Each structure stands twice: as structure tokens, then as C-alpha cells.
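Counting from 39, one number per residue, gives the positions in the sequence shown under the numbering used here. Data block below; observations after.
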Amino acid sequence: MTPLRRILVWISGASAGLGAALAATIPFEGAELIDISRRGGTPGVQHVAVDLADPKSWAVVENDFRQRIEAGNPELVVFIHNAGTLTPLGSADHVDTEEYTRNVLLNSAAAQVLGQSFLRAVSGRDCEQHLIMVSSGAANRPHEGESSYCAGKAAIDQWVRTVGLEQQHRSPGCRVISVSPGSIDTDMQAELRAASPDEVPVSDRFREMQALGHLAKPETVARTIWSLLDRDLPSGTVLHVRDVT
Ligand SMILES: NC(=O)c1ccc[n+]([C@@H]2O[C@H](COP(=O)([O-])OP(=O)(O)OC[C@H]3O[C@@H](n4cnc5c(N)ncnc54)[C@H](OP(=O)(O)O)[C@@H]3O)[C@@H](O)[C@H]2O)c1
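The following block contains the structure:
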């Protein structure tokens, strides 16, 4: 455990899956930990209750960043943007347009807008600053039936590369990283396994992985993600957990 410091940590989507595991394995004693999600309920965690697929929620999160940073005068500030969704799974010409719009707003737009809000909130502050975006292998490989998910994760990676370069000119700058967590045993995987192989061919691979016990435990992946804070990685790094040895 790191000794007590004034530490602020936001995790989006800490109500379930990888986000809940990140909250459960936080390596800082006495940190103020905030979950940004709809359900909340994770023990020991404060909750900002928002639907991030609704653009009106983004200003609520921005205010939370600003107010807590002003009030807490922290030495270390971390935002892990982890919330994401596969819904709706299916070919772009078949799925519901309203659900598709929500997917684009959450996976692509919210990531960039919340990331920008965080950078503005920490800009010029004399504290250690980290922004970690949770991406996916789907950023690099087209998966039929997941078009807006794949596009959203590709957008996250390119956003991180770009603002990462910008932050390299700041002192202190925010260290911005994108991490692909690999295949993890969460509700998102269950949704993928339930999809039709006709609409989502890659679902066969994930059914097989689960049958063979090849899905990673969320806590294992969470610990690897936390370890990134201590690694010597330039701002703008895009990596996969399997690259972290
Ligand atoms: N599982 C995998 O194999 C895998 C692989 C590659 C990448 N990833 C990425 O890892 C991250 C976590 O995935 P997971 O598997 O843990 O997913 P999960 O079990 O489905 O959990 C998703 C989390 O995102 C939050 N979320 C979803 N929609 C939201 C919305 N509209 N507003 C606010 N929060 C919302 C959920 O909270 P509420 O429902 O409470 O709002 C929940 O906490 C995602 O970015 C995902 O793309 C996962």
C-alpha cells in the first residue's frame, strides 16, 4: 500500500465487471473513490448517478471533477474511463437506431468529452495526473455485429495518441494511456455469448473461450491496470494488458 496522500480517483462503470474490480483492488489507502454509473452500489465508493449515453450527464461529471479537485487540493488525481457497452449487437442495417445512437454516445462521444473535461479540470494543477481509457482489441479488428463498439474503441485509441502528444508539452502534464483489457469474465461477455453467430460471428470464439476457462478474472486484469500508474510509459501510449509483463 502507498502511504496516505490526498488522492482522488474516478472510475466510470464501477458498478459492475472490470470497473467494480478496479474499485475493489485500488492500491491507495484513504483515497476518495467515485463511481460514475447508473446503478452504483459498489461498497466503499461514492456514486455520481448518471447515464453517460445522455449528453446532459457530461456536464454533471465535469462539475464533479472540478468541485472535488478544488475542495480536495489533491496530490494525485486519476480518472479511469471504463464504462462501455456492446448493445445493440447486430449488423448496422438491422439494429435499432435509438440503441445504436446510445452506443455511439457512450463508447465514442462520452469518452472524448469526459476525457477533455478531466484534462481541463487538472490543467495547470501541481499534482500527479493520470487518465486511463479502457479500450478493446475491437479497436484494431473489425467484428461484424459490433460496428459502433469497434469504431468507439478505435476513436478512444486515436484520441489518446493525440492528447498524449499534447500533454507531453505540459509540466506537469496528465499521463494519458489507453489499455485493452483482453477477454474478461463479465456481464459484457455473457451478452456477447448470447448473440447469434449469424449476426455476431465472433461470439463463437467467446463461447469457446468460456468453455475452455480462458476468460480472465476481472480482479487480475484490474491489478494489471493499476500497475500502469507506476510504469515508465509516455503519455499517449496505447497498449494491451498482455504487453504488460
Ligand atoms: N469484458 C471483456 O471481455 C472486455 C473486453 C474488451 C474490452 N472491455 C471493456 O472493458 C470495459 C468494462 O467492461 P465490462 O466487461 O466490465 O462490462 P460490464 O460488466 O457490462 O460493465 C459495464 C459498466 O459500464 C457501465 N455503463 C454501461 N452503460 C452505461 C451508461 N449508459 N452510463 C453509465 N455507465 C454505464 C455499467 O454501469 P451501469 O449499468 O450501472 O450504468 C457497468 O458498470 C468496457 O469499456 C469494455 O468495452 C471488456
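Beta carbons: idealized from backbone N, C-alpha and C, even for Gly. None of these values were measured; they are calculated from a predicted model.
For residue i and residue j, what's the separation of their Cα atoms in angstroms?
{"i": "GLY297", "j": "SER241", "result": "The structure shown does not extend to residue 297, since the chain is modelled only from 39 to 283, so the question has no answer here."}
{"i": "VAL133", "j": "ASN141", "result": "11 angstroms"}
{"i": "ALA233", "j": "MET247", "result": "15 angstroms"}
{"i": "VAL99", "j": "ARG245", "result": "36 angstroms"}
{"i": "GLU229", "j": "HIS181", "result": "15 angstroms"}
{"i": "ALA254", "j": "GLY55", "result": "11 angstroms"}
{"i": "GLN196", "j": "ARG269", "result": "21 angstroms"}
{"i": "LEU267", "j": "ASP236", "result": "41 angstroms"}
{"i": "ARG163", "j": "HIS252", "result": "43 angstroms"}
{"i": "GLY274", "j": "CYS188", "result": "19 angstroms"}
{"i": "ALA109", "j": "TRP264", "result": "25 angstroms"}
{"i": "ARG261", "j": "THR63", "result": "6 angstroms"}
{"i": "GLN227", "j": "SER221", "result": "8 angstroms"}
{"i": "VAL151", "j": "ALA249", "result": "38 angstroms"}
{"i": "ILE169", "j": "LEU46", "result": "Here residue 169 is Leu; the residue named in the question, Ile, does not match the sequence. So the alpha carbons of these two residues sit roughly 12 angstroms apart."}
{"i": "HIS278", "j": "SER174", "result": "8 angstroms"}
{"i": "ILE118", "j": "ARG158", "result": "16 angstroms"}
{"i": "ALA176", "j": "ARG199", "result": "17 angstroms"}
{"i": "PHE103", "j": "GLN84", "result": "13 angstroms"}
{"i": "ALA192", "j": "ASP225", "result": "22 angstroms"}
{"i": "SER129", "j": "LEU90", "result": "23 angstroms"}
Can you tell me which of the three DSSP states residue i falls into?
{"i": "LEU277", "result": "strand"}
{"i": "ASP225", "result": "helix"}
{"i": "CYS165", "result": "coil"}
{"i": "ARG213", "result": "strand"}
{"i": "VAL133", "result": "coil"}
{"i": "VAL240", "result": "coil"}
{"i": "VAL282", "result": "coil"}
{"i": "SER218", "result": "strand"}
{"i": "ALA177", "result": "helix"}
{"i": "ALA233", "result": "coil"}
When burial is assigned at 16 or more other CB atoms within 10 Å of the CB, is residue i buried or exposed?
{"i": "VAL201", "result": "buried"}
{"i": "VAL282", "result": "exposed"}
{"i": "LEU203", "result": "exposed"}
{"i": "ALA149", "result": "buried"}
{"i": "SER161", "result": "exposed"}
{"i": "GLY68", "result": "exposed"}
{"i": "ALA97", "result": "exposed"}
Three-pair Cβ contact test at 8 angstroms for the segment 172-189 versus the segment 205-213: no
Secondary structure, alpha helix (DSSP H): runs of 4+ residues fully inside the segment 44-122: 55-62 and 94-110
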